[in-house]
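Residue numbers (the numbering used here), protein chains in the order written: chain A, 6 to 448; chain B, 6 to 448.
C-beta: ideal position from N, C-alpha, C; glycine also.
What you are looking at is a predicted structure, and each value in this text was computed from that prediction instead of being measured.
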């Protein structure tokens, strides 16, 4: 006798464990219409409050994973490793990291998402490169990976359709911020793309979806446990997202900053996180024994120009205009350039990632609703970051936009995102800790 | 700027208070399609976990009340009083109570519901009287009340349509058992029917929806506070529903037991609850000063035959066949009569109302799904109740059904509902306490 949908919902609501069979039949029924959207949303809210234990989270992930295709990348030699970030502002790490890791000989099959809320999305950034195709078929996805050792696409209709349907529902029913639901959503997609190992960048701080360290660690540990159950080595860094990463926030401006970094520009916070993640990926991919070795190899890939060449190769294979990589200043520019000035002499105490993220939506660099179009050239350049000394009336940030009507609002938001203190703030730890299946490690 | 549906859901999910304006716009949008079923069900689940405070519950009730018509009974002289029960097994109190109270001069406008889960419904019981119309228009409703002082109908399309839509959703999304949602649902319907005062029978024990005393009291207090805010004197009794009330469980069999009681038959537990509620209604309706006086007047209405005559009059006005009142034994009988025997000498220790309720569904006296038809003549006669002495093989209960295929299962369930103990059990308190706006009182 299979349980009625309302019985499954009540069971979860009352804090009881659901069996893998119950989760499977409930979600299968959701996909074929036997469980209505209104029942799934009540279920998701019950999960929000009651959570899921390890067995349930794994079963939930398994059902979502097997709702679609699981890509077989065994024909591509090497240990395939991907990175996933829980989302931040100015987080263009994937664009720099993937070519570095691929240039070091570890294949990187990467399926990315779009901007969500105040955070940017790798897919939107890639699409700011004229002609770049993120909607490859799974066949093309395999071909590009085999040819270049790196591929970057969006979620296809074949990958975890249950997650796709459920994610849209979660977004409009206030059920996004649940660790087992986030874990099931991330891991089902990552497991479907054919990887052997996964490195996670779990953000914490005001600009992250999980603001507290405890919740970020809990999410990381859940993801690692699920990964382990599916035989995929999963390692996580907990990194700071209280201020944006690097100087550029937007789409094209972030791609351009990524080129700069691949050309060897030292953007300290951005490259510290990038090299740390890269080292973990090289270690998982068997191309470095220690983290120090992984960092050295990664730096060498940049300094030798191999990483930039790899990025150029991937962009070319996926239809992007490589002219913009070689000559970024030929890219179209915005009509309005607005400077945000420092109100005082002193030091930048804070540069609030959440506020900058919302300002970037206003100027066209992000979406207010899922149907909005993005202006790829709009962005915010943060000339000053935490700890920088500033003089009164010195420019803190520059806003690039075509939208005259939102400029004043954005300018005020950016100004308020900054606090100027008389003394230099205590430096914050950028990488809080490393977590793997053996436990939590100092970085 | 009005909030997005997902923002309202998240606010409730995070434990914040919603303003009356937010609740109003959310529910209004639900009725006109701006809030989808899947958003309402996520909201209802969030309310299940987070509750609502007094202001929110009142605002919620008000929005549901004003989603439809509010009947104006000012043309009918007297203080109009209704009773509401939270639902039980064998609970035919309304059928006996309404004629008694009306016979004592207090008008009783009663809108009842159908059976829900394992509990019976007054509407289903009334409809077992051949020809009885429960679907009167609001115009007829007023006319019958004005002419007889009593009317008994079901919820019309004009009464609290928001509740009707939401109730159907709650039933299939595991969001029924929430005190503010129950309070809003009950009170919006009761306030819409045009009453001046309300008496509540809040059930507690295994056969009740609220099994614990604390939760039953909390529900009663919530209902009373909402009633007070809307200017309606509301009084509650907390009564035991660990065993069914009276001897008959079903539809016609309960109507027949009600006739018997109106003819003066002493069914102790049933009449103790009926007279207690009746006394409170007479006091609220200005026809008794003390509870003792109310009980005496009620007993006199039965002993004089006025209550039975009133019931006969109302049945006649609403199209029912009064022949069955005068000659109940002419009603059709079931094909199968199955006896459940005592396995031992001793005393009845328990007669589980929940188990009897589920058995009554099996034999056709209730519904497994909302589309099921009810067999009005099916029922269970409990010959022995808690505390009764029984001999081995003496009949404990008799099952009346046309469904041969479910008889064995029902027989086993009824047998298991009984426990036979060697010693007489401690008598249970039938009426636990009385609650009004001044506090909790011993009965």
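Could you work out which residues of chain B lie near residue 49 (chain A), taking near to mean beta carbons separated by less than 8 Å? 47
Quick one: residues in its chain with C-beta nearer than 8 Å to the C-beta of residue 412 (chain A), no 5 flanking neighbours on either side, listed in chain order? 341, 343, 368, 404 and 406
Where do the N-terminal and C-terminal ends of the alpha helix (DSSP H) with residue 136 (chain B) fall, by residue? Segment: none, residue 136 (chain B) is in no alpha helix (DSSP H) and carries neither H nor E.
Looking at the C-beta of residue 174 (chain B), does it have a partner C-beta in chain A at a distance below 8 Å? yes
Ordered along the chain, which non-local residues of its own chain (more than five positions away) have a Cβ less than 6 Å from that of residue 299 (chain B)? 284, 287, 288 and 293
Can the beta-carbon of residue 69 (chain B) be found closer than 8 Å to that of residue 168 (chain B)? yes
Terminal residues of the alpha helix (DSSP H) in which residue 35 (chain B) lies: 25 to 36
Taking its Cβ as the centre, do 16 or more other Cβ atoms sit within 10 Å of residue 448 (chain A), making it buried, or is it exposed? exposed
Given that a residue counts as buried once 16 or more other Cβ atoms are within 10 Å of its Cβ, and exposed if not, what is residue 12 (chain B)? exposed
Suppose you measure from the CA of residue 23 (chain B) to the CA of residue 175 (chain B); what does that come to, to the nearest Å? 20 Å
Let's test the definition: count the other Cβ atoms within 10 Å of the Cβ of residue 444 (chain A) and tell me whether it reaches 16, buried, or not, exposed. exposed
Interfacial residues, the segment 33 to 46 of chain B to chain A, with Cβ spacing under 8 Å: 41, 42, 43, 44, 45 and 46
Return the Cβ separation of residue 157 (chain A) and residue 139 (chain A) in integer angstroms, given the expectation that the two are a contact with Cβ distance under 8 Å. 7 Å
Do you know whose CA, among A:75, A:187 and A:245, lies nearest residue 359 (chain A)'s CA? A:245
Chain-ordered neighbours of residue 11 (chain B) on chain E, where CB pairs are closer than 8 Å: The displayed structure is made up of protein chains A and B, and chain E is not among them.
Could you tell me the distance, in whole angstroms, from the CA atom of residue 6 (chain A) to the CA atom of residue 41 (chain A)? Its pLDDT being 40, under 50, residue 6 (chain A) is placed unreliably by the model, and the measurement read from it follows with that caveat. Rounded to whole angstroms, residue 6 (chain A) to residue 41 (chain A) spans 20 Å at the Cα level.
Identify the contact partners of residue 14 (chain B) in chain A, using a Cβ-Cβ distance below 7 Å as the criterion. 178 and 179
Under 9 Å between beta-carbons, which chain A residues line up against residue 54 (chain B)? List them in chain order, please. 18, 50, 51, 53, 54 and 55
Beta-carbon contacts of residue 223 (chain A) that lie in its chain and below 7 Å, excluding the five residues immediately before and after: 184
Skipping 5 residues on each side, what residues in its chain have a beta carbon closer than 8 Å to that of residue 433 (chain B)? 245, 247 and 391
Classify residue 431 (chain A): buried if its beta carbon has 16 or more other beta carbons within 10 angstroms, exposed otherwise. exposed
Would you kindly work out how many angstroms separate the C-alpha atoms of residue 380 (chain B) and residue 435 (chain B), rounded to a whole number? 30 Å
Taking 8 Å as the threshold (C-beta atoms), are residue 10 (chain B) and residue 177 (chain A) in contact? yes
Beta strand (DSSP E) runs wholly inside the segment 390 to 436 of chain A, at least 3 long, in chain order: 400 to 406 and 423 to 426
Is DSSP giving residue 339 (chain B) helix, strand or coil here? coil
Between residue 44 (chain B) and the rest of its own chain, which residues show a CB-CB distance below 6 Å, the 5 nearest in sequence each way excluded? 10
Local Cβ density within 10 Å of residue 273 (chain A), reported as buried at 16 or more and exposed below that: exposed
Name the DSSP beta bridge partners of residue 246 (chain A), please? According to DSSP, residue 246 (chain A) bridges with nothing at all.
Those residues which DSSP pairs with residue 359 (chain B) across a bridge: Residue 359 (chain B) is not bridged to any residue.
Rounded C-beta distance between residue 401 (chain B) and residue 345 (chain B)? I'm assuming under 8 Å. 5 Å
Unbroken beta strand (DSSP E) run spanning residue 158 (chain A), endpoints: 155 to 159
Helix, strand or coil: which one does DSSP assign to residue 114 (chain B)? strand
Helix, strand or coil for residue 5 (chain A)? Go by DSSP, reduced to three states. Because chain A is modelled from 6 through 448, residue 5 (chain A) falls outside the range shown and cannot be assessed.
Cβ neighbour criterion (16 or more within 10 Å) applied to residue 55 (chain B): buried
Measuring CA to CA, which of B:207, B:163 and B:238 is closest to residue 200 (chain B)? B:238
Could you tell me if the beta carbon of residue 27 (chain B) falls within a distance shorter than 7 Å of some heavy atom in the ligand SAH? Ligands in the displayed structure: none, and consequently the ligand SAH is not present.
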